[in-house]
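Numbering (the UniProt record's numbering) for the sequence shown: 1 to 530.
A short worksheet on the structure shown next.
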Amino acid sequence: MAHRVVIADPLSEEGLSPLIEARDVEVIILDEVQPEAMSAVLAEARALIVRSRTKVTKDLLQKMPRLQVIGRAGVGIDNIDVEQATARGIIVLNAPDGNTIAASEHTMAMMLALIRHIPFAHQTVKSGGWQREHFIGIQLAGKTLGIVGLGRIGQEVAKRARAFEMQIIAYDPFLTEERARALHIEKVSLSGLYARADLITLHTPLTAETRGLINRHALMQMKDGVRIINCARGGIIDEEALLEALESGKVAGAALDVFSEEPPQNRALIEHPRLVVTPHLGASTVEAQTLVARDVALEVLHVLRDEPFQNSVNFPSLPKDMLERLKDDLALAEWLGRLAAQLARSAPKELSIQYAGAYRREDQAALSRALVMSVLREQLDVHVNFVNAFYLAKERALTIQEETSSKSEGFERKITVRLSCEEGASITLSGTVLNGLGPRLVRIDDNIVDWAPTPYTLYVHHHDRPGVIGRVGTMLGEHGINIATMQVGRRGEGGAAIMLIAVDERPGEDVLSALTTLPEIEHVQLLKEK
Numbered sequence: 001m002a003h004r005v006v007i008a009d010p011l012s013e014e015g016l017s018p019l020i021e022a023r024d025v026e027v028i029i030l031d032e033v034q035p036e037a038m039s040a041v042l043a044e045a046r047a048l049i050v051r052s053r054t055k056v057t058k059d060l061l062q063k064m065p066r067l068q069v070i071g072r073a074g075v076g077i078d079n080i081d082v083e084q085a086t087a088r089g090i091i092v093l094n095a096p097d098g099n100t101i102a103a104s105e106h107t108m109a110m111m112l113a114l115i116r117h118i119p120f121a122h123q124t125v126k127s128g129g130w131q132r133e134h135f136i137g138i139q140l141a142g143k144t145l146g147i148v149g150l151g152r153i154g155q156e157v158a159k160r161a162r163a164f165e166m167q168i169i170a171y172d173p174f175l176t177e178e179r180a181r182a183l184h185i186e187k188v189s190l191s192g193l194y195a196r197a198d199l200i201t202l203h204t205p206l207t208a209e210t211r212g213l214i215n216r217h218a219l220m221q222m223k224d225g226v227r228i229i230n231c232a233r234g235g236i237i238d239e240e241a242l243l244e245a246l247e248s249g250k251v252a253g254a255a256l257d258v259f260s261e262e263p264p265q266n267r268a269l270i271e272h273p274r275l276v277v278t279p280h281l282g283a284s285t286v287e288a289q290t291l292v293a294r295d296v297a298l299e300v301l302h303v304l305r306d307e308p309f310q311n312s313v314n315f316p317s318l319p320k321d322m323l324e325r326l327k328d329d330l331a332l333a334e335w336l337g338r339l340a341a342q343l344a345r346s347a348p349k350e351l352s353i354q355y356a357g358a359y360r361r362e363d364q365a366a367l368s369r370a371l372v373m374s375v376l377r378e379q380l381d382v383h384v385n386f387v388n389a390f391y392l393a394k395e396r397a398l399t400i401q402e403e404t405s406s407k408s409e410g411f412e413r414k415i416t417v418r419l420s421c422e423e424g425a426s427i428t429l430s431g432t433v434l435n436g437l438g439p440r441l442v443r444i445d446d447n448i449v450d451w452a453p454t455p456y457t458l459y460v461h462h463h464d465r466p467g468v469i470g471r472v473g474t475m476l477g478e479h480g481i482n483i484a485t486m487q488v489g490r491r492g493e494g495g496a497a498i499m500l501i502a503v504d505e506r507p508g509e510d511v512l513s514a515l516t517t518l519p520e521i522e523h524v525q526l527l528k529e530k
């Protein structure tokens with residue numbers, strides 16, 4: 001019986017040719033299906049391919065009980081409920097490489113349109129005008145371009161900007177000095193970028209950390225007359241704050257291809273005379289559409305034929321028996337990597353992984369990939385998976401060392417991770433799997449703990465003093481934050497100590513700031529564990 005593949009959005013027929021020509025595949029174009037036949041078509045689908053138009057929600061997934069794989073012809077997966085797909089055992093794939101050139105070229109087009117007032121000058125001439133004096137622009141040569149996010153697209157933009165004789169600075173938490181030098185780019189802090197850049201272009205993914213990144217506070221730190229380009233993801237810019245900055249003249253102009261809501265509803269912003277807009281055209285070239293369609297078609301075909309695949313955003317490409325046997329250990333490895341990357345708080349240079357106890361050699365290889373993958377996922381604006389994790393680590397000059405040890409400290413098996421950073425700082429974590437109870441964190445540096453994953457964990461560095469625990473609890477209570485569980489670790493009486501505090505809801509920045517006002521507190525961090 002042929003595998004049914006449903007194409008939900010318009011895609012290049014040339015790009016889809018691997019599926020169309022496959023004898024074991026039945027391709028159905030959803031736009032050609034009659035309404036009365038829709039339910040039956042969806043019910044038998046094994047694969048669903050979308051672009052950005054179709055929203056793959058929980059309700060839609062419930063109508064597709066036989067679905068094995070969702071393919072996104074493009075990079076962003078904001079329109080797919082990945083959590084629900086994962087819960088249902090559905091693999092989610094994307095095509096991260098096909099639109100890189102198109103997106104970087106569109107960024108440069110928007111940059112040039114912005115600085116030379118091309119859209120407005122064009123419309124003036126079309127309307128019979130010839131007011132050249134109204135459209136005096138600036139040139140790119142000699143200007144400083146600040147790139148926020150130096151993934152594939154950010155690097156391609158840098159390459160093109162260099163041809164325009166621009167000075168390039170970049171902020172990327174995962175960018176090492178060594179990698180920056182290789183790219184001929186100056187690595188700076190985010191505040192340093194704001195202070196120096198004449199133009200700022202955004203190339204980060206949309207995450208909880210980057211949503212609203214360009215807000216009122218960020219805009220105030222920027223140079224007067226800065227120009228901002230966003231061809232990445234809607235929501236990175238606080239659009240109300242941008243409008244205020246345009247009206248005040250703080251921002252000389254902006255160019256947006258993406259918006260927090262699409263189509264955008266903020267007419268005051270859209271109609272602003274110093275704003276250049278396009279309707280999410282970053283990947284809209286003939287070449288890019290063909291490439292992303294072909295990439296995702298081939299990946300979907302591999303999944304349906306039970307062949308190795310590369311661009312999964314939620315499932316590792318591992319044998320089913322190994323996945324079942326290592327399910328909890330893989331979860332532990334990903335968790336340790338995620339925590340280490342967050343606690344390091346700067347660009348890592350070396351990742352050391354030690355396995356102790358009953359781990360096979362092939363187990364270690366899979367677990368190391370999971371660890372590296374989760375470390376990289378904390379900062380990169382590309383979808384890191386089991387296949388490309390080591391490649392991307394090498395690309396980012398992250399050294400990986402693996403070793404085995406006979407000392408498991410009484411545990412059946414134990415993983416120890418040490419992440420060393422450029423500035424000389426490091427973090428060491430140890431974890432294990434307790435049968436029937438899942439992953440456990442058992443050591444943070446020299447502090448012995450027993451901690452399970454929780455949605456919201458506060459990590460607190462403090463001085464071991466009488467009453468500090470009570471003051472922390474009181475302050476959380478005053479902010480309406482309930483403590484679910486708590487642990488304290490210390491190296492010695494009266495010295496440095498840590499707290500791990502599980503809370504019932506995500507604390508805001510005001511809560512973290514309030515805690516740091518306590519004299520015994522050195523550092524407070526919200527750990528993202530899911």
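Think of the CB as a built atom: it goes at the ideal place given N, C-alpha and C, for glycine as much as any other residue.
- Under the 8 Å Cβ criterion, the segment 447-456 counts as touching the segment 492-504, having at least three qualifying pairs.
- The beta carbons of residue 46 and residue 68 sit closer together than 8 Å.
- Residue pairing by DSSP places residue 186 opposite 169 in a beta bridge.
- Judged by DSSP secondary structure, residue 72 falls outside any alpha helix (DSSP H) and instead within the beta strand (DSSP E) spanning 69-72.
- Under the 8 Å Cβ criterion, the segment 163-182 counts as touching the segment 140-150, having at least three qualifying pairs.
- DSSP places residue 253 inside the beta strand (DSSP E), whose first and last residues are 251-256.
- CA-CA distance, residue 480 to residue 472, rounds to 13 Å.
- Taking every protein chain shown into account, the CB of residue 437 has fewer than 16 other CB atoms within 10 angstroms, so this residue is exposed.
- Excluding five sequence positions before and after residue 124, the CB atoms of its chain that fall closer than 8 Å to its own CB belong to 130, 131, 134, 135, given in chain order.
- Between the segment 249-257 and the segment 268-285 there are three or more inter-stretch CB-CB distances shorter than 8 Å, so the stretches are counted as touching.
- For residue 525, the enclosing beta strand (DSSP E) stretches over residues 521-528.
- For residue 451, the uninterrupted beta strand (DSSP E) segment begins and ends at 447-451.
- Using a Cβ-Cβ distance cut-off of 8 Å, the segment 12-20 and the segment 284-303 are in contact, since at least three pairs of beta carbons, one from each stretch, lie closer than that value.
- Residue 48 carries a strand assignment under DSSP once its states are collapsed to helix, strand and coil.
- It is roughly 12 Å from the alpha-carbon of residue 326 to the alpha-carbon of residue 365.
- Under a 10 Å Cβ-count criterion, residue 349 is classified as buried, with 16 or more other Cβ atoms of the shown protein chains found around its own Cβ.
- In the three-state scheme derived from DSSP, where H, G and I count as helix and E and B as strand, residue 481 is classed as coil.
- Membership of residue 312 in any beta strand (DSSP E) is not indicated, and neither H nor E is assigned to it by DSSP.
- Assignment of residue 178 by DSSP, reduced to helix, strand and coil, places it in the helix class.
- Beyond the five residues adjoining it in sequence on each side, residue 450 comes within less than 8 Å, by CB distance, of 440, 441, 442, 487 in the same chain, given in chain order.
- Ranking 64, 237, 103, 517 by CA distance to the CA of residue 88 puts 64 first.
- Check the Cα spacing between residue 155 and each of 100, 112, 496: the tightest is with 100.
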